[in-house]
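Peer 1: Just dropping this structure here.
Protein chains in written order, with this note's numbering: chain A, 1 to 312; chain B, 1001 to 1312.
Here you go:
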């Protein structure tokens, strides 16, 4: 069995190759060619931790993948990352373990950010005066880094709850080549930006319907479990077109779930990313539409990024 | 992270110490102190393989356990074991991976056989003229090996579908100190035996109600998924007392599930092993009762056997 540590994994990571694999994975998922059992969840209340276990198999592949990923929110006080985890590949011919990827949660972070890049290709308006990033953490950074190859705009607004975190993010984004404005007022970000990514684990809405202008796209990444949301249900319902990674997951616990469960989306079509990719055309019909993409994270993304690492 | 291979794991395995851990695990499970998410299943039709993923956490423990175990039924033609798998332990304080146990399915086999020993202590009649083993595979061997310390009878009947397999089993059992009779007729085994263990993955009943005498105990190990059964529903219903490892699992897909779903058990109490152990007395009330134990396998058994290996 191959065992790779974080550095070995990152050395083998090729963002463009993995992006192509993710696209074919999303398409296969929407075409029902993927086995993805319901996610297992464990809770560790005393340690303020949780763990989720995902597995997946793309029909015809020579391997299947199991991922154990966790968040333990006291870890930083001990100098440890909150996110921990590993991925494993097993032979789909014999069941033998083939590879253990001790990625410490990085592969999940990377495949999430690359899904954001795929969404940007499908949904971004042609004319973007400024990009808006809601949040200052790891996803806020990775999304910006990978967006650069598909969006040419280098004007940036960043929203956060802490001046310190905003200044740290400013430094990061300036090194990435952006002109950076920071704000504690999400409405201000909404007024200036036509391409917005929300990346926080918030349980209270940060952006309101009135904050968003026609011709804007929003990618909502933070809501990946019951109770988390970054947009009001009214803002979700105000969107002209909605993209979801998984109809089942997004309506159950994604950003759109509240609006869906409140019957605010009865006149909307929820299109899966894989379906949109298979159509091979832009998701946005015109420059006036508000588009929204809801990313909850799929086991097939784990399958595909592991494939990308092991093929290198 | 500690990595142990099969031999290192078997060297650390102490059957008596693990049995005590399994008993406390069954009790904790029945007292609702265990998190055990629903099992994930993957199917690999072309390779005639399947994989199940179990996880568990006993409240208050310092670690949680994830198990990936599979059966690939073409493997023996390549000189590989059908059963493959591994177990992992993670910190319940930080989520960090602590140990990888490359047990190739052995820990599952061992904890299953030791559960059978625990059942024998609870249910065996006082006077056993002969033990009956249905099946000739790994569980048929391990159950016999571990039964020896709690049942003194050394007369054995074995049922199988193949004379060759029966002769191989005879040789094994004689080395274990038994006087062995083999048969291709399960009813003959039923007539002679007061303690019977069924260990096959059969999808057709092997033992009928008329085959079993008063004062017999049956441990049914083979049925661990939809469609598998070794006893007719009438035989299940003929039992005076029924023990289950998990009420939820056994009624859904265990040996008793058909009888349960056909409403044949409305006058029976289904007692969990953990509940019976907590009462600290024999499960059998008298020497005339037919007792039945249904073992489907619990994530808490994996948690406890990993604990037993890592503590040594």
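Note that CB positions come from ideal geometry on N, CA and C, so glycine has one too.
1) List the whole-angstrom C-beta distance separating residue 200 of chain A from residue 222 of chain A, where the pair is believed to meet the contact cut-off of C-beta under 8 Å.
2) With DSSP as the reference, identify every bridge partner of residue 83 of chain A, one or two as the case may be.
3) Nearest by alpha-carbon distance to residue 1214 of chain B: which of B:1287, B:1261, B:1004 and B:1122 is it?
4) Ignore the nearest five residues each way along the sequence and tell me which others in residue 1126 of chain B's own chain have a CB closer than 7 Å to its CB.
5) Secondary structure at residue 1053 of chain B, three-state DSSP: helix, strand or coil?
6) Secondary structure at residue 1260 of chain B, three-state DSSP: helix, strand or coil?
7) At a Cβ cut of 9 Å, what residues of the segment 1242-1266 of chain B count as close to chain A, listed as they run along the chain?
8) Starting from the beta carbon of residue 80 of chain A, find every residue of chain B whose beta carbon is closer than 8 Å, and list them in chain order.
9) What residue does the beta strand (DSSP E) around residue 1293 of chain B start on, and which one ends it?
10) Is there contact between the segment 227-238 of chain A and the segment 139-157 of chain A, where contact requires at least three CB pairs shorter than 8 Å?
11) Under 8 Å between beta-carbons, which chain A residues line up against residue 1073 of chain B? List them in chain order, please.
12) What residue from B:1300, B:1307, B:1310 and B:1311 has the CA that sits closest to residue 1115 of chain B's CA?
13) Which residue marks the beginning of the beta strand (DSSP E) containing residue 213 of chain A, and which one marks its end?
14) Could you tell me whether the Cβ atoms of residue 1239 of chain B and residue 1296 of chain B are closer together than 8 Å?
15) Tell me which residues of the segment 8-39 of chain A have at least one Cβ-Cβ distance to chain B shorter than 8 Å, keeping chain order.
16) Helix, strand or coil for residue 1229 of chain B per DSSP?
17) Our contact map puts residue 174 of chain A next to residue 180 of chain A with C-beta atoms below 8 Å; I'd like the distance itself, whole angstroms only.
18) Does DSSP put residue 1265 of chain B in a helix, in a strand, or in coil?
19) Along the segment 1100-1114 of chain B, what residues have a CB closer than 8 Å to any CB found in chain A?
20) Out of A:44, A:1, A:148 and A:164, point me to the one whose CA is closest to residue 74 of chain A's CA.
21) With 7 Å as the limit, tell me which residues of the segment 52-69 of chain A have their beta carbon closer than that to any beta carbon of chain B; keep them in chain order.
22) What's the gap between the Cα of residue 1292 of chain B and the Cα of residue 1105 of chain B?
23) May I ask which residues mark the beginning and end of the beta strand (DSSP E) holding residue 99 of chain A?
24) Between the Cα of residue 1195 of chain B and the Cα atoms of B:1133, B:1096 and B:1139, which residue gives the shortest distance?
25) Within the same chain, show all residues whose beta-carbon is closer than 6 Å to that of residue 113 of chain A, passing over the 5 residues directly before and after it, in chain order.
26) Closest Cβ-Cβ distance between residue 277 of chain A and chain B: below 8 Å?
27) Using the Cβ count rule (16 or more neighbours within 10 Å means buried), how would you classify residue 62 of chain A?
28) If you reduce the DSSP assignment to three classes, tell me which class residue 961 of chain B lands in.
29) Using a Cβ-Cβ distance cut-off of 8 Å, determine whether residue 226 of chain A contacts chain B.
30) Pick out whichever of B:1007, B:1006 and B:1013 has its Cα sitting closest to the Cα of residue 1310 of chain B.
31) In the structure shown, what three-state DSSP assignment does residue 1192 of chain B receive?
32) At least one CB of chain D closer than 8 Å to the CB of residue 1047 of chain B: is that the case?
33) Less than 7 Å between C-beta atoms, sequence neighbours within five positions excluded: which residues of the same chain meet that for residue 262 of chain A?
34) Considering just the uninterrupted stretch of the beta strand (DSSP E) at residue 313 of chain A, what are its terminal residues?
35) Residue 1171 of chain B versus chain A: which residues are under 8 Å apart at the beta carbon?
Peer 2: The short version:
1) Taking the first chain and counting its residues from 1, the one referred to as residue 200 of chain A is at position 200. Taking the first chain and counting its residues from 1, the one referred to as residue 222 of chain A is at position 222. Between residue 222 of chain A and residue 200 of chain A the Cβ distance is about 5 Å, and since that is below 8 Å, they are a contact.
2) Mapped onto the first chain, residue 83 of chain A falls at position 83. A:71, per the DSSP bridge assignment.
3) Position 214 of the second chain, counted from the first residue, corresponds to residue 1214 of chain B. The option with the nearest alpha carbon to residue 1214 of chain B is B:1287.
4) Taking the first residue of the second chain as position 1, residue 1126 of chain B is located at position 126. Contacts found: 1287.
5) Position 53 of the second chain, counted from the start, is the residue given in the question as residue 1053 of chain B. Reduced to three states, the DSSP call for residue 1053 of chain B is strand.
6) Reading the second chain from its first residue, position 260 is the one you call residue 1260 of chain B. Of the three classes helix, strand and coil, the one that applies to residue 1260 of chain B here is helix, per DSSP.
7) none
8) Numbered from 1 along the first chain, position 80 holds the residue referred to as residue 80 of chain A. Those are 1094 and 1096, listed as they occur along chain B.
9) Residue 1293 of chain B sits at position 293 when you count from the first residue of the second chain. Residues 1291-1294.
10) no
11) As a position in the second chain, residue 1073 of chain B is number 73, starting the count at 1. Residues of chain A passing the Cβ test: none, with the nearest at roughly 10 Å.
12) Locating residue 1115 of chain B in the second chain gives position 115, counting from the first residue. With distances taken between Cα atoms, residue 1115 of chain B lies closest to B:1300.
13) Start at 1 with the first residue of the first chain, and residue 213 of chain A comes out as number 213. Note, residue 213 of chain A: premise wrong, no beta strand (DSSP E); not H, not E.
14) The sequence position of residue 1239 of chain B within the second chain is 239, counting from 1. The sequence position of residue 1296 of chain B within the second chain is 296, counting from 1. No, these two residues do not count as a Cβ contact at 8 Å.
15) 35, 37 and 38
16) Taking the first residue of the second chain as position 1, residue 1229 of chain B is located at position 229. If DSSP states are grouped into helix, strand and coil, residue 1229 of chain B belongs with coil.
17) Within the first chain, numbered from 1, the residue matching residue 174 of chain A stands at position 174. Within the first chain, numbered from 1, the residue matching residue 180 of chain A stands at position 180. The pair is a contact, with the Cβ atoms about 6 Å apart (cut-off 8 Å).
18) By 1-based counting over the second chain, the position of residue 1265 of chain B is 265. Reduced to three states, the DSSP call for residue 1265 of chain B is coil.
19) 1100 and 1102
20) Looking up residue 74 of chain A in the first chain gives position 74. Of the residues A:44, A:1, A:148 and A:164, the one whose Cα lies closest to the Cα of residue 74 of chain A is A:44.
21) 53, 55, 57, 64, 66 and 68
22) Working through the second chain from its first residue, we reach residue 1292 of chain B at position 292. Working through the second chain from its first residue, we reach residue 1105 of chain B at position 105. So the alpha carbons of these two residues sit roughly 26 Å apart.
23) Taking the first chain and counting its residues from 1, one reaches residue 99 of chain A at position 99. From DSSP, the beta strand (DSSP E) with residue 99 of chain A extends over 97-101.
24) The residue labelled residue 1195 of chain B in the question sits at position 195 within the second chain. When only C-alpha atoms are compared, the closest one is B:1133.
25) The residue given as residue 113 of chain A occupies position 113 in the first chain. Within the same chain, residue 113 of chain A has close Cβ partners 142, 143 and 146.
26) On the first chain, position 277 is the one that residue 277 of chain A refers to. False, the Cβ-Cβ gap to chain B never drops below 8 Å.
27) In the first chain, residue 62 of chain A corresponds to position 62, counting from 1. Around the beta carbon of residue 62 of chain A, fewer than 16 other beta carbons lie within 10 angstroms, which makes this residue exposed.
28) Examination of residue 961 of chain B is not possible in this model, given that chain B is present from 1001 through 1312 alone.
29) Here the question's residue 226 of chain A lines up with position 226 in the first chain. No, residue 226 of chain A does not count as interfacial toward chain B.
30) Taking the first residue of the second chain as 1, we reach residue 1310 of chain B at position 310. Nearest neighbour of residue 1310 of chain B by Cα position, chosen from B:1007, B:1006 and B:1013, turns out to be B:1013.
31) Position 192 of the second chain holds residue 1192 of chain B. Helix at residue 1192 of chain B.
32) Among the protein chains of the structure shown, namely A and B, there is no chain D.
33) Here the question's residue 262 of chain A lines up with position 262 in the first chain. 233.
34) What the structure shows of chain A is the stretch from 1 to 312, and residue 313 of chain A is not part of that stretch, so it cannot be assessed.
35) Walking along the second chain from the start, residue 1171 of chain B turns up at place 171. Near residue 1171 of chain B there are no residues of chain A at all, since even the closest Cβ is about 29 Å away, more than 8 Å.
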